[in-house]
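Notes to accompany the following structure.
Residue numbers (our numbering): 37 to 640.
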């Protein structure tokens with residue numbers, strides 16, 4: 037990749053060269069290499085600092101923050117980060133290539149079947165990733181060379197001096213010295229494919245090239261799935277609107293919690309897919325920030341949206357069958373529609389077998405185990421993120437509790453409500469407190485490790501949340517008009533108000549870093565914003581609506597013209613959407629702070 041073509045052929049000053057590179061950096065490096073975790077901004081800033089001081093002496097003492105680091109120091113730090121990334125991906129490629137080589141020797145490819153498709157996909161992935169890794173190394177090496185030239189005030193068309201210490205350090209890095217290995221891996225993957233499938237070199241190149249453009253077909257697949265969901269939604273609307281005097285409302289309401297639970301799961305997957313898509317769209321390094329495994333589906337928006345679309349299709353089909361049976365009493369037993377849906381979801385997400393995104397599910401289970409092990413396990417941002425997401429899903433935990441009770445007690449075989457509704461009403465507040473409890477202990481662990489009082493204040497937020505749930509649990513043993521009922525009700529409502537105001541302030545000021553001074557010029561703003569100001573106003577409005585809905589649900593106030601059975605689905609859906617919007621702005625704030633501090637995040 038030739039970087040000098042982006043510069044004018046006329047002699048330019050060092051400031052102009054730096055400005056040209058910065059423009060190129062914004063339009064090419066960020067757009068094409070947003071997942072490379074290379075912070076060229078710090079290198080540009082270090083050169084700008086020397087220009088503003090009027091000298092180019094790297095030994096000049098600098099003050100204030102890491103943005104004033106010398107160019108050599110900053111370059112060394114960034115090269116180390118690039119090397120870490122390159123070595124990690126290269127090691128994964130080497131392991132995959134070894135596995136593919138064994139599969140090519142052991143499988144009999146004259147018979148069509150899964151081994152053929154699996155090996156073909158693996159070899160195509162290896163070839164594509166090796167090509168991307170080579171481009172990654174070439175791009176970063178060329179950009180570093182260009183900045184070194186600017187730093188030494190050399191002409192951008194002049195050859196680089198191999199005796200410059202920065203160049204010597206650059207050539208010693210793995211991503212420069214082992215760059216030819218990427219081409220060797222590409223050639224080896226082509227050789228294995230030709231050997232396994234009896235194709236010539238031209239045919240193999242055609243297959244790999246077609247696989248590289250498969251993302252276009254992926255978008256078409258998503259559009260097809262959403263169109264299918266739209267078609268399935270039409271008979272569902274007809275089934276709901278169709279009046280039937282034989283409608284078994286009691287049986288429908290008894291099994292509707294199964295559909296609420298699965299709706300929460302697919303909505304959470306869909307919303308996380310939108311979070312990942314937004315982070316990709318605006319170049320937010322969410323993978324680096326959350327320490328996600330790049331080999332899992334959690335790091336990519338397409339598989340998340342595809343899984344959500346498939347689940348939505350199955351959910352709509354099952355609910356339509358259930359409604360039709362409840363209204364017209366077909367020969368099918370109505371309860372088998374929700375039971376089959378639950379079995380499918382459990383098998384898809386809980387089974388230990390290596391299919392249906394096994395690595396993603398395994399990564400999620402490891403994160404959940406660390407969350408449930410608080411405060412005795414390490415707590416990174418991904419674990420606090422997961423605990424926050426779980427604390428926003430109280431309705432889902434209530435549905436799990438109800439369904440487990442439903443099957444354990446045998447209520448699912450009987451008509452009527454059974455005893456589970458009262459059990460859930462009694463145990464519900466304690467179930468909701470479980471993720472809040474673990475999130476509280478995460479804050480205590482961080483307080484012990486960092487001595488940062490912000491963690492203590494954050495822990496206080498979850499204490500108020502647990503007090504609200506404890507007050508709600510006490511009301512189960514009291515009836516309206518009994519001694520102490522009025523006082524308890526007042527304490528409960530006051531706790532809800534304080535807790536809501538506390539978490540609202542924390543979300544906006546601490547998690548998002550926005551100012552809430554209505555009389556200042558920076559209302560709902562900060563110095564480093566990635567989105568337009570209108571976005572933050574809109575997000576603030578959604579936060580208010582979401583918190584108001586959460587308060588309304590805690591107060592257990594009725595909603596006119598809406599059956600109480602549907603309220604948990606409404607409240608839970610609003611909270612999932614609110615938490616997803618919160619996640620986007622939270623990641624954006626951490627990403628912006630990392631740029632300002634030049635990614636000063638401790639590595640494990």
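C-beta atoms are modelled at their ideal positions from N, C-alpha and C, and glycine is treated no differently.
Local Cβ density within 10 Å of residue i, reported as buried at 16 or more and exposed below that
i: residue 321; result: buried
i: residue 543; result: buried
i: residue 303; result: buried
i: residue 494; result: buried
i: residue 669; result: Here the chain comprises residues numbered 37 to 640, so residue 669 is not present and cannot be evaluated.
i: residue 138; result: exposed
i: residue 132; result: buried
i: residue 239; result: exposed
i: residue 557; result: exposed
i: residue 537; result: exposed
i: residue 490; result: exposed
i: residue 533; result: exposed
i: residue 176; result: buried
i: residue 446; result: exposed
i: residue 523; result: exposed
i: residue 622; result: buried
i: residue 625; result: buried
i: residue 66; result: Confidence in residue 66 is poor, its pLDDT being 47 and thus under 50, which makes the residue's placement unreliable; the coordinate value appears in the next sentence. Residue 66 should be labelled exposed.
i: residue 620; result: buried
i: residue 573; result: exposed
i: residue 642; result: The structure shown does not extend to residue 642, since the chain is modelled only from 37 through 640, so no value can be given for it.
i: residue 618; result: buried
i: residue 100; result: Note that residue 100 scores a pLDDT of 30, beneath 50, so its modelled location is shaky and nothing firm can be said.
Inter-residue CB distance, residue i and residue j (contact presumed, cutoff 8 angstroms)
i: residue 160; j: residue 233; result: Actually they do not touch by this definition, with Cβ atoms about 11 angstroms apart.
i: residue 341; j: residue 389; result: Contact doesn't hold; Cβ gap of about 24 angstroms is too wide.
i: residue 418; j: residue 403; result: 6 angstroms
i: residue 628; j: residue 564; result: 4 angstroms
i: residue 373; j: residue 358; result: 4 angstroms
i: residue 376; j: residue 264; result: Between residue 264 and residue 376 the Cβ distance is about 19 angstroms, and since that is not below 8 angstroms, they are no contact.
i: residue 408; j: residue 352; result: Not confirmed; about 33 angstroms, so no contact.
i: residue 605; j: residue 299; result: 6 angstroms
i: residue 318; j: residue 566; result: 6 angstroms
i: residue 435; j: residue 600; result: In fact, because the Cβ distance is near 14 angstroms, the residues do not count as touching under 8 angstroms.
i: residue 456; j: residue 479; result: That pair is no contact at about 34 angstroms.
i: residue 287; j: residue 370; result: 6 angstroms
i: residue 468; j: residue 411; result: In fact, because the Cβ distance is near 20 angstroms, the residues do not count as touching under 8 angstroms.
i: residue 210; j: residue 122; result: 6 angstroms
i: residue 471; j: residue 531; result: The pair is not a contact, with the Cβ atoms about 19 angstroms apart (cut-off 8 angstroms).
Run of the alpha helix (DSSP H) containing residue i, from where it starts to where it stops
i: residue 200; result: No alpha helix (DSSP H) contains residue 200, which DSSP labels as neither H nor E.
i: residue 504; result: 489–510
i: residue 354; result: 337–364
i: residue 216; result: 215–233
i: residue 385; result: 372–386
i: residue 479; result: 456–486
i: residue 400; result: 394–408
i: residue 290; result: 285–317
i: residue 188; result: That residue, residue 188, is in no alpha helix (DSSP H); it is neither H nor E in DSSP.
i: residue 436; result: 430–444
i: residue 424; result: 417–427
i: residue 323; result: 322–326
Are at least three pairs of beta-carbons, each pair with one atom in the region 501–509 and one in the region 468–475, less than 8 angstroms apart?
Yes: the two stretches touch, three or more of their Cβ pairs being nearer than 8 angstroms.
Determine, using beta-carbon pairs with one atom in the region 209–222 and one in the region 155–171, whether at least three such pairs fall under 8 angstroms.
yes
At 4 residues or longer, what runs of the alpha helix (DSSP H) sit wholly inside the region 563–639?
569–590, 603–633
For the 8 angstroms Cβ check, are there 3 or more pairs between the region 576–584 and the region 611–622?
yes
Three or more C-beta pairs below 8 angstroms linking the region 462–472 and the region 323–338:
no
If you pair each beta-carbon of the region 307–316 with each one of the region 340–358, do three or more pairs fall below 8 angstroms?
yes
Between the region 109–118 and the region 194–205, are three or more C-beta pairs nearer than 8 angstroms?
yes
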